[in-house]
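Novice: Please find one structure pasted underneath; my questions will follow.
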Amino acid sequence: MTPIRVSVVIVSRGRPGALRLCLTALAQNRHPAFEVIVVTDAEGEAALAPWGDRIRLRRCDEANISRARNIGIEAAAGAIVAFLDDDALPEPGWLAALTAPFEDEDVAAAGGYVRGPGHLGWQWRARAAFADGSSRDLVLEGDAPVVLRARLGRGIKTEGTNMAVRRSVLTALGGFDPAYRFYLDETDLNLRLAAQGARTAIVPLAQVHHGYLASPRRRADRVPRDLGDIGASLAVFLRRHGARLDGNARIEAERATQRRRLLHHLHWGRIAPGDVGRLMASFDAGVSEGRLRPLERLVPLDEPPPPFATFHDEMPDRPAVWMAAWPQAARARMAEAAALAAQGHVATLLVLWPDARRHRLRFDPPGVWVQSGGLYGPALPGDPRVRYWRFDERAAFEEARQRGLRDPSALSNASAAPPKD
1 MTPIRVSVVI
11 VSRGRPGALR
21 LCLTALAQNR
31 HPAFEVIVVT
41 DAEGEAALAP
51 WGDRIRLRRC
61 DEANISRARN
71 IGIEAAAGAI
81 VAFLDDDALP
91 EPGWLAALTA
101 PFEDEDVAAA
111 GGYVRGPGHL
121 GWQWRARAAF
131 ADGSSRDLVL
141 EGDAPVVLRA
151 RLGRGIKTEG
161 TNMAVRRSVL
171 TALGGFDPAY
181 RFYLDETDLN
191 LRLAAQGART
201 AIVPLAQVHH
211 GYLASPRRRA
221 DRVPRDLGDI
231 GASLAVFLRR
241 HGARLDGNAR
251 IEAERATQRR
261 RLLHHLHWGR
271 IAPGDVGRLM
281 ASFDAGVSEG
291 RLRPLERLVP
301 LDEPPPPFAT
311 FHDEMPDRPA
321 VWMAAWPQAA
331 RARMAEAAAL
341 AAQGHVATLL
351 VLWPDARRHR
361 LRFDPPGVWV
371 QSGGLYGPAL
381 PGDPRVRYWR
391 FDERAAFEEA
401 RQRGLRDPSA
411 LSNASAAPPK
421 D
């Protein structure tokens with residue numbers, strides 16, 4: 001069977017280092033037919049030099065993620081368009097897993113699971129999205145993809161840092177709505193898909209690790225610098241989707257949520273007392289601006305796509321490799337892992353300390369996945385706080401449960417579950 005062609009769109013603004021690391025991780029994906037489009041500013045453009053013409057570059061100097069994504073969609077030649085943030089690190093099996101459900105022609109979109117930065121816990125998994133801009137968790141069992149049917153006012157949430165949509169569907173809908181410069185942009189798309197009764201696949205094994213890097217809107221520790229875009233996007237969203245709702249009540253509820261969030265940061269000394277009032281004023285100003293912001297009529301994107309440009313000239317087929325080491329041997333083993341990564345292997349180094357500390361995960365620039373934690377400590381949510389292992393047992397256990405993410409040959413070929421209403 002001819003593999004489905006996929007275009008991966010990454011929007012980056014002011015974070016060239018993160019963009020390079022994201023692309024290094026993406027290069028480990030073994031999907032046989034994908035291209036990469038990066039929509040970025042001058043800083044990001046300079047960061048792309050190591051990849052040369054393997055990446056299709058598009059320039060966007062406007063701070064508007066929806067408009068930048070639309071530029072990427074128009075530059076995409078694949079039948080499927082996948083989206084990543086520049087501060088996301090896709091697992092090597094990400095793209096193959098995320099796009100497999102599109103073999104069913106009735107599937108319009110797909111979304112994967114998102115882990116937090118470093119700690120292996122979940123940021124987001126399966127969620128439903130509603131006309132007031134809120135979302136609610138959906139409980140799914142197992143790792144097999146599940147196809148869900150959306151309906152008017154209740155979309156299937158896909159995270160902008162880990163989602164894919166058929167290009168034909170995206171272009172017919174007009175892509176992302178530029179009225180959302182940041183926040184709720186993908187939720188708006190989910191609601192427009194829902195209005196068509198679209199089917200969306202939730203794919204648990206399509207996983208990315210998503211950071212919270214500093215930006216004009218927040219610090220690296222997630223403390224907000226400005227809440228204007230959140231207020232403005234919520235006001236726009238309610239104008240688009242909340243005609244039958246009490247918009248003022250929804251905005252007041254969100255205002256209370258943001259205030260509680262700021263008081264939490266104040267309690268822990270991350271902001272000063274005066275910052276609470278200043279940031280809440282930015283939220284209110286954003287709401288006022290969003291209520292008056294011009295709303296464009298979305299028209300189909302009709303830019304003809306360029307020729308498809310495969311990212312991998314030839315598919316790397318070297319097996320994934322796992323190593324384990326005590327801390328005193330970690331440096332030497334890291335050098336070995338980096339050498340293997342340079343040869344095209346997906347290399348993972350597990351560093352085990354003789355204690356029960358929680359495990360952390362990072363992806364190093366040489367292309368090595370490094371998991372570090374206590375021999376007896378928890379790695380994933382739900383693991384016991386302390387469990388006694390021998391070194392070789394723990395190493396084998398961690399390899400076994402990562403293999404479906406890091407070794408694409410081990411990905412399940414099970415078909416998606418039937419649609420659920």
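Residue 1 is where the sequence shown starts when you use the UniProt record's numbering, and the numbers rise one by one after that. For every residue, glycine included, the Cβ atom is placed at its ideal position computed from N, Cα and C. These figures come from a predicted structure and were not determined experimentally.
#1: Given M334, which residues of its chain have a CB within under 7 Å of its CB, disregarding the five upstream and five downstream residues?
#2: With C-beta atoms as the reference, is D188 less than 8 Å away from R240?
#3: What are the uninterrupted segments assigned as alpha helix (DSSP H) that are 4 or more residues long and contained completely in the stretch 119-182, given in chain order?
#4: Counting only the same chain and skipping the five closest in sequence on each side, list residues whose C-beta sits under 6 Å from that of G247.
#5: By Cβ distance below 7 Å, which residues in the same chain neighbour D229 in space, the five residues on each side in sequence not counted?
#6: If we count Cβ pairs, one from each stretch, closer than 8 Å, do we get three or more for the stretch 74-82 versus the stretch 115-130?
#7: Which value, in whole angstroms, describes the spacing of the CA atoms of R5 and V11?
#8: Just the C-alpha distance for R199 and M163, rounded to the nearest angstrom, thanks.
#9: In the structure shown, what three-state DSSP assignment does F83 receive?
#10: Over the uninterrupted beta strand (DSSP E) stretch that includes S282, give me the two end residues.
#11: Taking one C-beta from the stretch 166-174 and one from the stretch 126-136 each time, how about it: are there three or more such pairs within less than 8 Å?
#12: Pull up the DSSP beta-bridge partners for R360, would you.
#13: Return helix, strand or coil for T40, following the three-state DSSP convention.
#14: Tell me the residue span of the alpha helix (DSSP H) that contains G111.
#15: I'd like to know if the stretch 190-207 and the stretch 142-158 are in contact, where contact means that at least 3 CB-CB pairs between them fall below 8 Å.
#16: Spatial neighbours of D364 within its chain, please: C-beta separation below 7 Å, excluding the five flanking residues on both sides.
#17: Which one or two residues does DSSP pair with I230 in a beta bridge?
#18: The alpha helix (DSSP H) spanning Q402 covers which residue range?
#19: Whose C-beta lies closer than 7 Å to the C-beta of I225 among residues of the same chain, with five residues either side of it excluded?
#20: Assuming F311 and G78 form a contact by the criterion Cβ under 8 Å, report the distance between their Cβ atoms to the nearest whole angstrom.
#21: By DSSP's criteria, W353 is part of a beta bridge. Which residues make up the other side?
#22: May I have the straight-line CA-CA distance separating A68 from D41, to the nearest angstrom?
#23: Is it true that the CB of A379 sits closer than 8 Å to the CB of V346?
#24: Report, in whole angstroms, the separation of the C-beta atoms of V9 and F83, which I expect to be a contact under 8 Å.
#25: On the DSSP letters alone, give me the boundaries of the alpha helix (DSSP H) that I251 sits inside.
#26: Please state if the CB of L405 and the CB of E91 are separated by a distance shorter than 8 Å.
#27: Given this structure, state the Cα-to-Cα distance separating E314 from R54, to the nearest angstrom.
#28: How about D355 and Y376: do their beta carbons lie closer than 8 Å?
#29: Select from A281, G211, S282, D85 the residue whose C-alpha is nearest the C-alpha of L120.
#30: Do you know offhand how far R401's Cα is from W94's?
#31: Classify S282: buried if its beta carbon has 16 or more other beta carbons within 10 angstroms, exposed otherwise.
#32: State the start and end residues of the unbroken alpha helix (DSSP H) segment that holds A342.
Specialist: In terms of the structure at hand:
#1: Locating residue 334 in the sequence shown gives position 334, counting from the first residue. So the list reads L349, V368, once near-sequence residues are dropped.
#2: Within the sequence shown, the letter at position 188 stands for residue 188. Within the sequence shown, the letter at position 240 stands for residue 240. The Cβ atoms of D188 and R240 lie closer than 8 Å to each other.
#3: Complete alpha helix (DSSP H) runs here, min 4: 167-173.
#4: Within the sequence shown, the letter at position 247 stands for residue 247. Correct list, in chain order: L238.
#5: For the purposes of this step, residue 229 is taken as residue 229 along the sequence shown, with counting starting at 1. R181, F182, Y183, R217, G286.
#6: With a cut-off of 8 Å, the stretch 115-130 and the stretch 74-82 do not count as touching, because too few Cβ pairs lie within range.
#7: Within the sequence shown, numbered from 1, the residue matching residue 5 stands at position 5. Within the sequence shown, numbered from 1, the residue matching residue 11 stands at position 11. Taking the straight line joining both Cα atoms gives about 20 Å.
#8: For the purposes of this step, residue 199 is identified with residue 199 of the sequence shown, where counting begins at 1. For the purposes of this step, residue 163 is identified with residue 163 of the sequence shown, where counting begins at 1. Using only the alpha carbons, I get a separation of about 13 Å.
#9: Taking the sequence shown and counting its residues from 1, the one referred to as residue 83 is at position 83. F83 falls in the strand class under three-state DSSP.
#10: The residue you call residue 282 lines up with position 282 of the sequence shown. Here S282 belongs to no beta strand (DSSP E); instead the alpha helix (DSSP H) covers 273-292.
#11: Touching, no, given that fewer than three Cβ pairs across the two stretches are closer than 8 Å.
#12: Counting from one through the sequence shown, the residue named residue 360 turns up at place 360. Bridge partners of R360 according to DSSP: S372.
#13: On the sequence shown, residue 40 is found 40 positions in, with the first residue counted as 1. Annotated three-state conformation of T40 is strand, per DSSP.
#14: Counting from one through the sequence shown, the residue named residue 111 turns up at place 111. Per DSSP, G111 is not a residue of any alpha helix (DSSP H); the beta strand (DSSP E) it occupies stretches across 107-115.
#15: Yes, they touch.
#16: As a first step, residue 364 is located in the sequence shown; it is residue number 364 there, counting from the start. Cβ-Cβ distances below 7 Å link D364 to V370 in the same chain, with the five nearest sequence neighbours on each side left out; the list follows chain order.
#17: The count along the sequence shown starts at 1 and reaches residue 230 at position 230. Among the bridge pairs identified by DSSP, I230 is matched with none.
#18: Working through the sequence shown from its first residue, we reach residue 402 at position 402. Bounds of the alpha helix (DSSP H) holding Q402 are 391-406.
#19: Residue 225 sits at position 225 when you count from the first residue of the sequence shown. In the sequence on display, residue 225 carries Arg and not Ile. Closer than 7 Å at the Cβ level, and outside the excluded window around R225, lie P216, R217, R218, R219.
#20: Along the sequence shown, read from residue 1 onward, the residue named residue 311 stands at position 311. Along the sequence shown, read from residue 1 onward, the residue named residue 78 stands at position 78. The Cβ separation is near 11 Å, so there is no contact.
#21: What you label residue 353 is simply residue 353 of the sequence shown in a count that begins at 1. Paired residue(s): G374.
#22: Counting from 1 along the sequence shown, the entry for residue 68 is found at position 68. Counting from 1 along the sequence shown, the entry for residue 41 is found at position 41. So the alpha carbons of these two residues sit roughly 10 Å apart.
#23: Against the sequence shown, residue 346 aligns to sequence position 346. Against the sequence shown, residue 379 aligns to sequence position 379. Not in contact: V346 and A379 (Cβ atoms no closer than 8 Å).
#24: Stepping through the sequence shown from its first residue, residue 9 is reached at position 9. Stepping through the sequence shown from its first residue, residue 83 is reached at position 83. Sure, about 5 Å apart at Cβ, within 8 Å.
#25: Along the sequence shown, one-based indexing puts residue 251 at 251. Boundaries of the alpha helix (DSSP H) harbouring I251: 247-267, taken from the DSSP string.
#26: Translated into the one-based positions of the sequence shown, residue 91 becomes position 91. Translated into the one-based positions of the sequence shown, residue 405 becomes position 405. Their beta carbons are under 8 Å apart, which means E91 touches L405 by this criterion.
#27: As a working note, residue 314 is residue 314 in the sequence shown. As a working note, residue 54 is residue 54 in the sequence shown. Across the structure, E314 and R54 are spaced so that their CA atoms are roughly 12 Å apart.
#28: Here residue 355 corresponds to residue number 355 of the sequence shown, with the count starting at 1. Here residue 376 corresponds to residue number 376 of the sequence shown, with the count starting at 1. The Cβ atoms of D355 and Y376 lie closer than 8 Å to each other.
#29: On the sequence shown, residue 120 is found 120 positions in, with the first residue counted as 1. The residue with the shortest Cα to Cα distance from L120 is G211.
#30: Within the sequence shown, residue 401 is the residue found at index 401, counting from 1. Within the sequence shown, residue 94 is the residue found at index 94, counting from 1. For R401 and W94, the distance between alpha carbons rounds to 15 Å.
#31: In the sequence shown, counting from the first residue as 1, residue 282 sits at position 282. For S282, the number of other beta carbons within 10 angstroms of its own is at least 16, and it is reported as buried.
#32: One-based indexing of the sequence shown puts residue 342 at position 342. The continuous alpha helix (DSSP H) containing A342 extends over residues 330-342.
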